[in-house]
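In the numbering used here, the protein residues as written are 1 to 209. Ideal placement from N, C-alpha and C gives every residue a C-beta, glycine not left out. Given the structure is predicted, the values throughout are model-derived calculations rather than measurements.
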């Protein structure tokens, strides 16, 4: 299922696709299922309240609660036209953006509490994370007890603030030797206790994120 979400209003459209669909077909599906219906919404999903924008996506998109599109104003309510409509729409957009920013800041502050900044120096020994994608790297038989890290490997160069170049053995010669810090961890064990590379399988397409 291809889920297409409007970032501002949080309205969504759900479209069935195949994993093997080429890009030109996805473009045609997007035009058929999204562009032709925009800005109509899926009522079953988009009439629900969203805490991040403090409104239902339909209300955020149209400025009114969801009703059948026979009349866009409440019964007995005067219609807003011209500059007043533009001003009301602009104020609604500002309110939505502020709500989204507040939700983003809250999520970031929560993530920062658990995020631990890691830094390594040239010459440090680090462990390298394996199995970034299913079926790309595995050790012998697959199972829950497979090691998550291999190494240790020596840091050869610090690249920027979040990337490191490692000294890899010949078994990993096909792999690019620069890795993001999220795939590394400090090695606290002696080398004889480290995880060996025996049984590691990879192909020409192998690369770590």
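Proximity below 8 Å, CB of residue i to CB of residue j
i: residue 127; j: residue 54; result: no
i: residue 150; j: residue 130; result: yes
i: residue 48; j: residue 100; result: no
i: residue 96; j: residue 60; result: yes
Residue from the options whose Cα sits closest to the Cα of residue i
i: residue 155; options: 180, 169, 120 and 176; result: 120
i: residue 10; options: 103, 21 and 18; result: 103
i: residue 152; options: 34, 125 and 112; result: 125
i: residue 93; options: 7, 181 and 2; result: 7
i: residue 158; options: 98, 46, 181 and 90; result: 181
i: residue 183; options: 171, 173, 105 and 117; result: 117
Reduced DSSP category for residue i - H, G, I as helix; E, B as strand; rest coil
i: residue 9; result: coil
i: residue 153; result: strand
i: residue 20; result: coil
i: residue 113; result: helix
i: residue 61; result: helix
i: residue 176; result: coil
i: residue 31; result: helix
i: residue 140; result: Any reading at residue 140 must be qualified, since the residue scores a pLDDT of 44, below 50, and its modelled position is unreliable; the value itself is stated next. Of the three classes helix, strand and coil, the one that applies to residue 140 here is coil, per DSSP.
i: residue 181; result: helix
Close Cβ partners of residue i (< 7 Å) along its chain, the five nearest in sequence each way excluded
i: residue 177; result: 165, 166 and 168
Straight-line Cα distance separating residue j from residue i
i: residue 32; j: residue 15; result: 10 Å
i: residue 65; j: residue 113; result: 37 Å
i: residue 220; j: residue 17; result: Nothing in the structure corresponds to residue 220, since the chain is present only between 1 and 209.
i: residue 27; j: residue 122; result: 47 Å
i: residue 20; j: residue 30; result: 16 Å
i: residue 111; j: residue 24; result: 37 Å
i: residue 179; j: residue 84; result: 54 Å
i: residue 108; j: residue 50; result: 18 Å
i: residue 175; j: residue 188; result: 24 Å
i: residue 211; j: residue 148; result: With the chain running from 1 to 209 in the structure shown, residue 211 is simply not present.
i: residue 115; j: residue 91; result: 36 Å
i: residue 170; j: residue 98; result: 53 Å
i: residue 22; j: residue 36; result: 21 Å
6 Å CB neighbourhood of residue i in its chain, flanking five on each side removed
i: residue 4; result: 13 and 34
i: residue 58; result: 41, 46, 47 and 66
Cβ-heavy atom distance, residue i to the ligand FMN, below 7 Å
i: residue 118; result: Of ligands this structure carries none, so the ligand FMN is not represented either.
Close Cβ partners of residue i (< 8 Å) along its chain, the five nearest in sequence each way excluded
i: residue 222; result: Lying outside 1 to 209, the shown extent of the chain, residue 222 is not represented and no answer is given.
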